[in-house]
Each structure stands twice: as C-alpha cells, then as structure tokens.
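Per our numbering, the sequence shown starts with residue 31, numbered consecutively.
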Amino acid sequence: MTVIDALILGTLEGLTEFLPISSTGHLILASKLLGLQQTDAHKAFEVSIQLGSILAVLFIYAKKLLVDKSLWVKVIVAFLPTAIFGFLFYKTIKSLFGIETVSIMLIAGGILFLLVEFFRRNKRGSEGKSIDDLTIKESFVIGLFQSISMVPGTSRSGMTMLGGIFSGLSRKSAAEFSFLLAVPTMFVATFYDLYKNRSSMAVDDYNLLAIGFGVAFIVAFFTVKAMIRFLENHTFIAFGIYRIIVGLAFWFFVV
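Laid out in structure tokens, this is it:
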C-alpha cells in the first residue's frame, strides 16, 4: 500500500462510514480496484481507519454525551448484541470479507431501504420520536439490527438507521443514534482487530494507518453534518438506488 492508497481509502471511509451504503464494503471494493490484497494487516487497516471517523462523532456530539448520561445507557445497551456476536463469531465474520458477499448485501440492503421508504412515503424526515423518547428495549432492538451489519456490505449505519426507524424514531433521530452507537462499536472493533493482527503489521503499516485515520476524521466531520441536514427533508431512496447500482456493477464486472 502507498500513501496515495491510504489517502484514497481514508477519504472513502470518511465519506461512507455514516452513510447507509457500507463503508467496509466500499473499502473492500476500492481495495480490489487498487490492486490491494485482503491480507490480515490490510483488513485491520480498513477497520482501524474507521476510528478516525468515530472521533469526528465524539467531537460533534461531545456536549450532548457529557450532559445526557441516560443516552450512554441506551448506547451501551444497543452495543451489547454486536459485542457478543462479534466475539463469538470473529473468524466466521472475517471469512466473509469478499467482493461476492459485499455485492449481494449491497443489493439486498438497497431493496430493503426502498421497501421501507415505500411504506413511509408520506412521512417527512422530522416525523417520529426523538432519541430522548427511545426506551431501553428499543435500544436493544436497534443493537440487534446493528449485529446483522457485521456481514460486510450490509452497512452498520444503514442497519442501525433502519432499526431506529422500526423503533419509531424520525429519520434524523435514527441517523443521530446510529452515529452515537458507532462510538463504542468501532472503538472496540478497532482495538480488537489491531490486537488480533499485531504480529502481521509492520512500522510502515502504522504510518499509513495514521494518514488514513487523519483523512477519515476530517472528511467524516463534514459528512455527519451534511447527512443530518439531508435527512431533515429527504428520504433514504437515493441511498437504496445507489446500493443496488453499485452492487450490480461489481457483481457483473468485478466478481
């Protein structure tokens, strides 16, 4: 991997981490186009630069997290299913990292978003409950949705947003809870992955990781703000269509 590769992947991570289009899936697809092999060290790189995006969320929502302690309880409860399933099925999940899986899950997720929006077509982005109204039980349900996203190409943010919508949240609130839930999820995933693959990573890998991390932070900061504004008056239809097009393109031309 070169510095240019790290810059490209860092930018792509920052753009896609908080959009319901699968950042992991896009990183795998981009790595394929860049000619990068999916080694253990490279998989750890793809997961670890996501931490840069997560720090952008902490920067944006720091005040809210410090003031509202009940919010942390909801986030931790929602994190539990992923923590349990991720620990139990780590090797199985890693074995799924491939173009075929990503393509299929992008298409399936795109269809799901279109179906959801079809049944919610008369509701504006601001209609629905706020995060303050979210119960512990509903938080856990959103966590179950997130655990499905461990399959690459599914989209962590996409599944948690859908979970939020099914729990009665507005599109905007579902997105914000998804962003906040990313904090413990990606912190644990990153450090666990680095620990598991520490022996396969060289000094140069960590230098490139720092570059990808920094770029992801900057790009994610502006992406989160733009996404919130977008969902105040728009639906997920564009993301659903995009997922299907990209999934089909890679299935027919790359797989």
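Ideal Cβ positions, reconstructed from N, Cα and C, are used throughout, including at glycine.
Practice item. Report buried or exposed for Ile39, applying the criterion of at least 16 other Cβ atoms within 10 angstroms of its Cβ. Key: Numbered from its first residue, the sequence shown carries residue 39 at position 9. In the sequence under discussion, the amino acid at residue 39 is Leu, which differs from the Ile named in the question. Flag for Leu39 reads buried.
Exercise for review: Between the Cα of Phe89 and those of Ala138, Leu210, Glu262, spot the shortest distance and give me the residue it belongs to.
Suggested key: As a first step, residue 89 must be located in the sequence shown, where it is residue number 59. Per the Cα distances, Leu210.
Exercise for review: Give every residue of the same chain whose Cβ lies closer than 8 Å to the Cβ of Phe243, excluding the five residues on either side of it in the sequence, and list them in chain order.
Suggested key: Locating residue 243 in the sequence shown gives position 213, counting from the first residue. Closer than 8 Å at the Cβ level, and outside the excluded window around Phe243, lie Gly40, Ser78, Ile79, Leu81, Gly82.
Review point. Which of helix, strand or coil does DSSP assign to Leu199?
Key: Locating residue 199 in the sequence shown gives position 169, counting from the first residue. Leu199 falls in the strand class under three-state DSSP.
Practice item. Under 7 Å Cβ to Cβ from Leu37, same chain only, skipping five residues before and after it: list those, please. Key: What you label residue 37 is simply residue 7 of the sequence shown in a count that begins at 1. The answer, listed in chain order, is Ile241, Val245.
**Study point:** Whole-Å CB distance - Leu136 paired with Ser52, under 8 Å assumed
**Key:** As a first step, residue 136 must be located in the sequence shown, where it is residue number 106. As a first step, residue 52 must be located in the sequence shown, where it is residue number 22. Contact holds; Cβ gap of about 6 Å.
Check your understanding: Start and end of the alpha helix (DSSP H) containing Leu57?
Key -> Here the question's residue 57 lines up with position 27 in the sequence shown. From DSSP, the alpha helix (DSSP H) with Leu57 extends over 53-64.
Check your understanding: Given Lys159, which residues of its chain have a CB within under 8 Å of its CB, disregarding the five upstream and five downstream residues?
Key -> One-based indexing of the sequence shown puts residue 159 at position 129. Cβ neighbours of Lys159 beyond the five flanking positions: Ser197, Gly198, Leu199, Ser200, Ser203.
**Study point:** Cut-off 6 Å between Cβ atoms - residues of its own chain near Ile8, not counting five sequence neighbours on either side
**Key:** The chain is shown from 31 up to 285; residue 8 falls before or after that span and cannot be answered.
**Study point:** Span separating the alpha-carbon of Glu206 from that of Ile274
**Key:** Along the sequence shown, one-based indexing puts residue 206 at 176. Along the sequence shown, one-based indexing puts residue 274 at 244. If you take the alpha carbons of Glu206 and Ile274, they lie about 24 Å apart.
Review point. Looking only at its own chain, which residues have a Cβ that is under 6 Å from the Cβ of Gly188, when we skip the five neighbours before and after it?
Key: Walking along the sequence shown from the start, residue 188 turns up at place 158. The residues are Pro50, Gly139.
Exercise for review: Could you please give me the residues that DSSP links to Lys159 through a beta bridge?
Suggested key: Translated into the one-based positions of the sequence shown, residue 159 becomes position 129. Lys159 is bridged to Leu199.
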